[in-house]
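In our numbering, the protein residues as written are -4 to 374.
Read the structure below first, then the notes.
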């Protein structure tokens, strides 16, 4: 399901979003769409939460890369992405780690594993997609912080402290108690800082986010979220959380989920994405905003099988108490439903008058810098 940019532009007036305020940062004038595409080609681009295979809805079934996924990776032009390898238990997490390290061995000209900051440069140079192995929960630690060292040795470089619910480290964004970071969680953050593992606060509750920002001695990340001031959603962050994160040197990745707003029953739009990015730029500054699409590199094809899997996905999450509002809506932006979506972001920001340096930072430069700062404690 794809909509041309021309079709999208003609619908803006009808939905009443074309007159949204714009934020232009940087002394230089905006760039043309051609120049925006050139910026994408020459720059390091990083999607702070994505997947080379299936993402969110398990369709096609998760496993080794399919021919369509391989083709999409080759077309994407992406330098690197943070791929989720965590599972609810230790054994399944190790199995996921083995899957992606194995795929990198199987397709050495297509994907590579990022263990050091220079591996991002290497991926850009050889044209592979660099996989930054990451977690979206910490259940697999099972009160054993020594496992952080083990997972670091296995290549994990980003760990999100909680998912939507509560765990031993802290409360997620859907947990009504909002109890904040536990004593164990503070010890975990300290150990991650010492290892050079990025502390990700994307799904964390408000108090957990605030506690972790205050506790971490390294820049904290919010790899995939949005601005709650633009659209009130529990998965997004309040301005004070974004500002505190930026003040510690961190970066927020704006996601493409329906959690950024939109009409009931419909997916998000480029205009809503722009409003989210520009609000984050205003609150955090141009050095602290990026993209974490929360999508597969491969476009979503809403086949009957996908729709059935989507319904089952949302129903299953609701039964587990981890389903966020709006998950039943399309989980993508139609006009950016293609492998080169970060190039589309560059064009979007160019059309809205943003200067080249800002575009470069948002599509990857900021995450490139902050990962160097975080990982520098170890090689």
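Backbone N, C-alpha and C define an ideal beta-carbon position, used for all residues, glycine too.
DSSP, reduced to helix, strand and coil, places residue 26 outside both helices and strands of the structure shown, so it counts as coil. About 14 Å separates the beta carbons of residue 319 and residue 171, which is beyond the 8 Å limit, so they are not a contact pair. Residue 357 is a Cβ neighbour of residue 284, given a cutoff of 9 Å. The beta carbon of residue 188 sits closer than 8 Å to those of 194, 211, 212, 213, 372, all from its chain and outside the five residues before and after it, given in chain order. Contact check for residue 108 and residue 124: beta-carbon distance about 10 Å, past the 8 Å limit, so the pair fails to qualify. About 5 Å separates the Cβ atoms of residue 152 and residue 127, confirming a contact at the 8 Å cut-off.
Annotation for residue 41: the continuous beta strand (DSSP E) segment containing it runs 41 to 46. Looking at 256, 233, 260, the one whose alpha-carbon comes closest to that of residue 247 is 233. Contact between residue 337 and residue 252 does not hold, since their C-beta atoms are separated by about 16 Å, which reaches or exceeds 8 Å. Taking 8 Å as the upper bound for CB-CB distance, residue 80 and residue 47 are not in contact here, some 12 Å apart. In the three-state scheme derived from DSSP, where H, G and I count as helix and E and B as strand, residue 193 is classed as strand. Here the stretch 80 to 99 lies against the stretch 128 to 141, with 3 or more beta-carbon pairs under 8 Å apart. Under the three-state reduction of DSSP output, residue 311 falls in the helix class. Within the stretch 245 to 273, the beta strand (DSSP E) runs of at least 3 residues that lie entirely inside it are, in chain order, 246 to 249.
Rounded to whole angstroms, the separation of the alpha carbons of residue 26 and residue 41 is 21 Å. The way I'd put it, the stretch 87 to 95 doesn't touch the stretch 346 to 362; fewer than three beta-carbon pairs between them come closer than 8 Å. For residue 91, no beta strand (DSSP E) encloses it; the enclosing alpha helix (DSSP H) starts and ends at 85 to 101.
Counting C-beta atoms within 10 angstroms of its own C-beta, residue 99 has 16 or more neighbours from the protein chains shown and is therefore classed as buried.
CA-CA distance, residue 349 to residue 276, rounds to 11 Å. A check of alpha carbon separations from residue 157 across 29, 260, 218 identifies 218 as the nearest. Secondary structure note for residue 361: it is in no beta strand (DSSP E), and the uninterrupted alpha helix (DSSP H) holding it is 361 to 370. In this structure, the alpha-carbon of residue 263 lies about 34 Å from that of residue 110. Closest option to residue 304, judged by alpha-carbon separation, among 96, 50, 339: 50. Going by DSSP, residue 125 is part of the beta strand (DSSP E) stretching over 124 to 130.
Residues of the same chain with a CB within less than 6 Å of the CB of residue 225, apart from the 5 flanking positions on each side, are 270, 271, 274 in chain order. Residues of the same chain with a CB within less than 6 Å of the CB of residue 317, apart from the 5 flanking positions on each side, are 159, 160 in chain order.
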